[in-house]
Amino acid sequence: MNESVLIDKYGRQLNYLRLSVTDRCNFRCYYCMPEEGIDFARRKDLMTFDEMLHLSAVFCKLGISKIRITGGEPFVRNGIMPFLRKLSVTEGLKEITVTSNGTLSERYQAELLQIGIRKINISLDSLSRERFAQITRRDNFDGVYAGIFKLLDSGFDVKLNCVVAENKNIQDVVPFIELTKNYPLSVRFLEEMPFNGSDGSQVQSDWDYKRIYQYISGHYSDINRLISDANSTSVNYKIPGYAGSFGIIPSFSRTFCGTCNRIRLSATGELRTCLYGPAVVNLRDVLRKGASVTNLEQEIIQAVSRRERDGYAAELASQGDIHTSMSVLGG
Ligand code: SAM
Ligand code: SF4
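Shown next as structure tokens:
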């Protein structure tokens, strides 16, 4: 593991930044955003790419070695490719990965490889065009699906993220695993989290990781558990003989907090040390007040020192206010 000075009071070393570059998106997935009436950030409140580059450099100086670019949909923000190109030469940064809804154009695929970005997570919740449209509220299945194979053909390491929910896509779980028979894809099934941007609707996922696994094991007699990275949020499996693998992410059950190495920066500069917790500081504001690199480092170190033990403690600290859209939190 990269040595990081970002160590919380429970001894966890943070070396992975998830950077949301926009809160906007061309989809309206039901679990992430309401269909309409969304309060997107005002342009002046979004960090500029220069601000993001500056802050990323500070994070990397403190020991962050991996940055995941997320959103909103990262590719809807103008200027994303020149930004990624500049970000890729940040001192200390070893890896950039991207999470996208898969509507990225082919032109971007070639450019990403050129920059050295070859790991991409694509959100795909169904293999049926109708269910896809129902889930994302957009009729884009064919383009997204074809794009996944283009990514594989070009040499990307592709993971598919699939949020599992009753009455939405249970019938897709086995077909997703079957997709890994001939393709070296990793499909990850996620529990739904309560981040759909709507204050009133409490999400209580019926499909937790145990139920997802039980459902899958009802269809396969032989499932191999894979050894995962120490900081992996997914428990990973493989059907013997299949080219790819699958994983289950207990994102709502939060069984992985003990080894969590992540920190999140929203497109408007809010720093979170846990997805379930409140923003600890707004680094955009600190930066715009003229903070030096040392001041910024101190703010980040302090935020990390106040990190809660796990997502349940963080949720308590946010006093029930955890209904922000995932497009703001950055997934
Ligand atoms: N637009 C990109 C995408 O969809 O991949 C990147 C941003 S999206 C917020 C990042 C990830 O968060 C996606 O894989 C999405 O499925 C997941 N996500 C969003 N809302 C969620 C929720 N309420 N529960 C579980 N996962 C969620
Ligand atoms: Fe957009 Fe991703 Fe949220 Fe879906 S999950 S609405 S694609 S940001």
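Throughout, this note's numbering is defined as the position within the sequence shown, counted from one, plus 20. Note that the Cβ used here is the ideal one computed from N, Cα and C, for glycine as well. All of these numbers come straight from a predicted model, not from anything done at the bench.
Legend entry - Candidates 196, 128 and 270: closest to residue 229 by CA position: Position 209 of the sequence shown, counted from the start, is the residue given in the question as residue 229. That would be 270, whose Cα lies nearest to the Cα of residue 229.
Inset, instruction - Leaving aside the five residues before and after residue 141 along the sequence, list all residues of the same chain whose C-beta is less than 6 Å from its C-beta, in chain order. - result: What you label residue 141 is simply residue 121 of the sequence shown in a count that begins at 1. So the qualifying residues of the chain are 119, 179 and 181.
Inset, instruction - Measure the C-alpha to C-alpha separation of residue 308 and residue 116 and round it to an integer number of angstroms. - result: As a first step, residue 308 must be located in the sequence shown, where it is residue number 288. As a first step, residue 116 must be located in the sequence shown, where it is residue number 96. If you take the alpha carbons of residue 308 and residue 116, they lie about 26 Å apart.
Legend entry - Beta-bridge pairing of residue 115 - partner residues as DSSP gives them: Along the sequence shown, one-based indexing puts residue 115 at 95. Beta-bridge pairing links residue 115 to 86.
Inset, instruction - State yes or no: is the C-beta of residue 346 nearer than 7 Å to some heavy atom of ligand 1? - result: In the sequence shown, counting from the first residue as 1, residue 346 sits at position 326. Yes, the beta carbon of residue 346 sits closer than 7 Å to at least one heavy atom of ligand 1.
Inset, instruction - Assign residue 182 to one of three DSSP states: helix, strand, or coil. - result: For the purposes of this step, residue 182 is taken as the residue at position 162 of the sequence shown. Of the three classes helix, strand and coil, the one that applies to residue 182 here is strand, per DSSP.
Inset, instruction - Give the C-beta separation of residue 99 and residue 25 to the nearest angstrom, bearing in mind that I take them to be a contact with Cβ-Cβ under 8 Å. - result: To locate residue 99, count along the sequence shown from 1; it is residue 79. To locate residue 25, count along the sequence shown from 1; it is residue 5. So it is not a contact: roughly 31 Å between Cβ atoms.
Legend entry - Residue from 104, 114 and 153 with nearest C-alpha to residue 129: What you label residue 129 is simply residue 109 of the sequence shown in a count that begins at 1. If we check each option's Cα against that of residue 129, 104 comes out closest.
Legend entry - Inter-residue spacing [alpha-carbon to alpha-carbon] between residue 40 and residue 73: Translated into positions along the sequence shown, residue 40 becomes position 20. Translated into positions along the sequence shown, residue 73 becomes position 53. Spanning the two alpha carbons is a distance of roughly 12 Å.
Legend entry - Cross-strand partners of residue 209 (DSSP beta bridge): Within the sequence shown, the letter at position 189 stands for residue 209. Residue 209 is bridged to 182 and 268.
Inset, instruction - Could you give the DSSP three-state label for residue 39: helix, strand or coil? - result: Reading the sequence shown from its first residue, position 19 is the one you call residue 39. It is a strand residue.
Inset, instruction - Grab the span of the beta strand (DSSP E) containing residue 241 for me, first residue to last. - result: The count along the sequence shown starts at 1 and reaches residue 241 at position 221. Premise fails: residue 241 is in no beta strand (DSSP E) and is neither H nor E.
Inset, instruction - Find out if the Cβ-Cβ distance for the pair residue 169, residue 345 is shorter than 8 Å. - result: For the purposes of this step, residue 169 is taken as the residue at position 149 of the sequence shown. For the purposes of this step, residue 345 is taken as the residue at position 325 of the sequence shown. Result no, Cβ atoms of residue 169 and residue 345 do not sit closer than 8 Å.
Inset, instruction - Verify whether the separation of the beta carbon atoms of residue 55 and residue 44 is less than 8 Å. - result: Here residue 55 is taken as the residue at index 35 of the sequence shown, counted from 1. Here residue 44 is taken as the residue at index 24 of the sequence shown, counted from 1. For residue 55 and residue 44, no; Cβs fall outside 8 Å.
Legend entry - residue 161 versus 145, 176 and 175, residue with shortest Cα-Cα distance: For the purposes of this step, residue 161 is taken as residue 141 along the sequence shown, with counting starting at 1. Comparing Cα positions, the closest option is 145.
Legend entry - Other residues of its chain near residue 220: CB distance less than 7 Å, five sequence neighbours each side excluded: Translated into the one-based positions of the sequence shown, residue 220 becomes position 200. Note that residue 220 scores a pLDDT of 45, beneath 50, so its modelled location is shaky; the value from the coordinates is reported in the next line. Once the five neighbours on either side are set aside, residue 220 has no close Cβ partner at all.
Inset, instruction - Could you work out which residue in 278, 28, 260 and 42 is closest to residue 201 when comparing CA atoms only? - result: Translated into positions along the sequence shown, residue 201 becomes position 181. The shortest Cα separation from residue 201 among 278, 28, 260 and 42 belongs to 260.
Inset, instruction - Confirm, please, whether the CB-CB distance from residue 37 to residue 79 is below 8 Å. - result: As a working mapping, residue 79 is identified with position 59 in the sequence shown. As a working mapping, residue 37 is identified with position 17 in the sequence shown. Yes, these two residues count as a Cβ contact at 8 Å.
Legend entry - ligand 2 heavy atom lying under 7 Å from the CB of residue 53: As a working mapping, residue 53 is identified with position 33 in the sequence shown. Yes, ligand 2 has a heavy atom inside 7 Å of this Cβ.
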